[in-house]
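J.: In our numbering, the protein residues as written are -3 to 427. Cβ coordinates follow ideal geometry from the N, Cα and C atoms, glycine included. Here it is, the structure, as C-alpha cells.
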Amino acid sequence: MVAQAMVCRGTSVRRVAAQMGVTEGALRYRLKKRAQREQPDGRAKKATSVDGYEEAVQAILERLDDTRVSGGGGRPAQARLVYEALARDHGYTGSYRAVVRHLGRRYGKPRVRALRRVETPPGVQAQHDWWEERVMVGGVRVLLYFLVGVLSHSRARFCWVSRGCDQLAWHTGHVELFRRYGGVPLWVRIDNLKTGVSSGAGPTAVLNATYARFGRQCGFEIDPCRARTGSDKGKVERSVRLFRGGYGDLLRQPWGDLEALQSALDRRSTELMRRHTCPVRGGPVEAAWEAEKPHLQRVPAIGEIFDVVVSRPVSRDCLVSFEGRRYSVPFAWVDRDVEVLGTAAHVVVLGGGIEVARHARGTEARLLLDPSHFEGESTERVIRPTPLGRRAELQIQGLSSPSRTNLGWVPPAAALSRSLAEYADLVEALA
C-alpha cells in the first residue's frame, strides 16, 4: 500500500524498490496483483462434506443455545459437540475439520470471553490437587502420589507425598498441608475427584459425605471447581508445573524411604519460597506467607484420621453394622442412631459426639463383642439386658459344674499364708 501511494505521487518504481530494499521485479509484481485486485483461488467455493447438512447444523446450534444463533450472552458451542451430533443423529460421514471450516465460513469467529482475575484476602483460600510420579524408593521404582497445596494469597506452596490417593490419604494430606501452612484457611478449592465430590461439579456439586464431615471437623468450607474449568484452580495447576521442574532433580534420585523424600521436599519448598516473588504483596513469597499466617485458623487437634463416616442405628442386641461386620455398643444406645468412623486401625463409634465404643477394623471375625457393653444400670429409656446366670458364666469361662466345684475347695490365698512366728512354733514342737 505504501509503494502504491508513492508511485501514484510520481516516484519511480526503481526508486521505491531501492528505498524498501526489495527488487524492482518483485515490487512490480505486487503492484500488478494489487491493481488487478487479486481474486481468491476458488478453493472457498468448492463443495465440502458439510454441504446438505446446513439445516442440521443450524438445528444443532439452536439446541445447544449457541450465541452465534440465539444472540444471547452464553458461550458458543464447541465444534466437537456439533460434529458428534451430526455423526450420531444425521449420518454425517465427513471429517471434523470440515465442520470447523463450515462454522467459520457460515457464522464467523465466535466472540472471546474475557476471564475474571480474582485475588482472595489472606487466610481465605487454599487450593489442593494431586499429581503422580514414579520414584525409586527402597531400591524399587514405585508410583507415588503428591498432594500439592498453595495458599492463594501469599502463593506459599507445599507438597506431601503418599503411596496412595484414597480417602484416608486425601484427609491425611489435608492435615499435613495445614500443619505446613501454619493454620487452616476458610475455604479449600478442589477438583471434582471422587474423594471430594460424589456427583456433579461446581456450586451444585454433591460433596462426598466423609469429606464434608472432615471439613466440618477441621473448620473449612469445600469449594469444588466447575466441570472442565482448570482456570478455577489456576494457582495449584501452576504449582504442579512448578513442582515438576523445581523438584525434578529430587524425584530422579533414589531414596531409602518416604520420610527422607518428604524432608527433602519440605526443604526445597522453603528454598523456592525464598526465591519466588509474591505477585500480590511484592517481595519474597516467604515474607508474604509469614504475614498471612496470623489470618489462618488454628489447626484442630485431630486424633485419628478417618476415611469413612456413616450413621447407623443400634439394634436391640446392642450391635451396629459396618463394612460387613457387626460391632457391640453400650446398651444405653439401643434404638438410637450413632456415628461410625473408620480409621486406619479401628472402628470408632460416637454417640452424641463422644466415643462410646472402639473395635479393631478389618478383622477376620464378623462379630466383635465387648462384654462390658451389656453391663450397667437401666436408664429411663432402656432396661439393661438380663444378667448372666451361674450356668451362663460357667459356659463363658469355659468351665463345667464339677470343675467349678473342685476349684471351690481351694482355700483362699489369705488362708495359705502363715506368719514367721507360727513357723518358729512348729519347728520348736518338732524338735
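1. My understanding is that Glu373 touches Arg380, with C-beta atoms under 8 Å, so please give their C-beta distance in whole angstroms.
2. Going by Cα to Cα distance, which pick from Ser227, Val65, Ala73, Val180 is closest to Ala110?
3. Might you give, ordered along the chain, the residues of its own chain that have their beta carbon closer than 7 Å to the beta carbon of Arg437, omitting 5 neighbours on each side?
4. Using beta-carbon positions only, say whether Arg362 and Arg321 come within less than 8 Å of one another.
5. Whose C-alpha, out of Arg107, Leu82, Glu80, Thr206, is nearest the C-alpha of Asp62?
6. Taking 8 Å as the threshold (C-beta atoms), are Lys231 and Ser148 in contact?
7. How many angstroms separate the CA atom of Gly244 from the CA atom of His98?
8. May I ask you to verify whether the segment 136 to 152 touches the segment 116 to 123, counting CB pairs closer than 8 Å and requiring at least 3?
9. At which residues does the alpha helix (DSSP H) containing Gln15 begin and terminate?
10. Would the segment 156 to 166 and the segment 137 to 144 be scored as touching if the rule is three or more Cβ pairs under 8 Å?
11. State the start and end residues of the unbroken alpha helix (DSSP H) segment that holds Val171.
12. What would DSSP say about Ala197, mapped onto helix, strand or coil?
13. Return the CA-CA distance between Arg277 and Ala284, expressed in angstroms with no decimal places.
14. How about Asp333 and Val236: do their beta carbons lie closer than 8 Å?
15. Rounded to whole angstroms, what's the CA-CA distance from Gln200 to Gln163? Just pull it up for me.
16. In three-state DSSP terms, what is Phe154?
17. Is the beta carbon of Gly178 less than 8 Å from the beta carbon of Lys289?
18. Take Glu300 and list the residues in its own chain whose beta-carbon comes closer than 6 Å to its own, dropping the five residues that flank it on each side.
19. Going by beta carbon distance, what residues of the same chain come within less than 6 Å of Leu364, once the five residues before and after it are set aside?
20. Just to confirm, are Leu337 and Val316 a CB contact at a threshold of 8 Å?
21. Take Ser195 and list the residues in its own chain whose beta-carbon comes closer than 8 Å to its own, dropping the five residues that flank it on each side.
22. Count the other C-beta atoms from every protein chain shown that fall within 10 angstroms of the C-beta of Leu416, then say buried if there are 16 or more, exposed otherwise.
23. Assuming contact is defined by CB atoms lying nearer than 8 Å, are Gly198 and Pro220 in contact in what I supplied?
24. For Thr273, which beta-bridge partners are listed by DSSP?
25. Since Ala73 and Val96 are thought to touch, with beta carbons under 8 Å apart, how far apart are those beta carbons, to the nearest angstrom?
26. How close, in whole Å, do the beta carbons of Val343 and Leu257 come, if the pair is a contact with beta carbons under 8 Å?
27. Quick one: give me the first and last residue of the beta strand (DSSP E) that Glu128 is part of.
28. At what residues does the alpha helix (DSSP H) containing Gly338 begin and finish?
29. Kindly indicate which three-state DSSP category Gln293 falls into: helix, strand or coil?
30. Along the chain, where does the beta strand (DSSP E) containing Tyr141 start, and where does it finish?
31. In or out: Gln123 buried (at least 16 other Cβ within 10 Å) or exposed?
32. What's the C-alpha gap between Leu261 and Phe239?
T.: For this structure:
1. 6 Å
2. Ser227
3. Past the edges of the chain, shown from -3 to 427, lies residue 437, and the structure says nothing about it.
4. yes
5. Arg107
6. yes
7. 45 Å
8. yes
9. 9 to 16
10. yes
11. 163 to 177
12. coil
13. 7 Å
14. no
15. It is Thr, not Gln, that sits at residue 200 in the sequence shown. The alpha-carbon atoms of Thr200 and Gln163 are separated by roughly 22 Å.
16. strand
17. yes
18. Thr339
19. Tyr323, His355
20. no
21. Ala201, Val202
22. exposed
23. yes
24. Pro280
25. 12 Å between Cβ atoms; not a contact.
26. Their Cβ separation, rounded to whole angstroms, is 32 Å, which puts Val343 and Leu257 out of contact at 8 Å.
27. 121 to 133
28. Counting along the chain, Gly338 falls outside any alpha helix (DSSP H), though it belongs to the beta strand (DSSP E) covering 333 to 339.
29. strand
30. 136 to 147
31. buried
32. 10 Å
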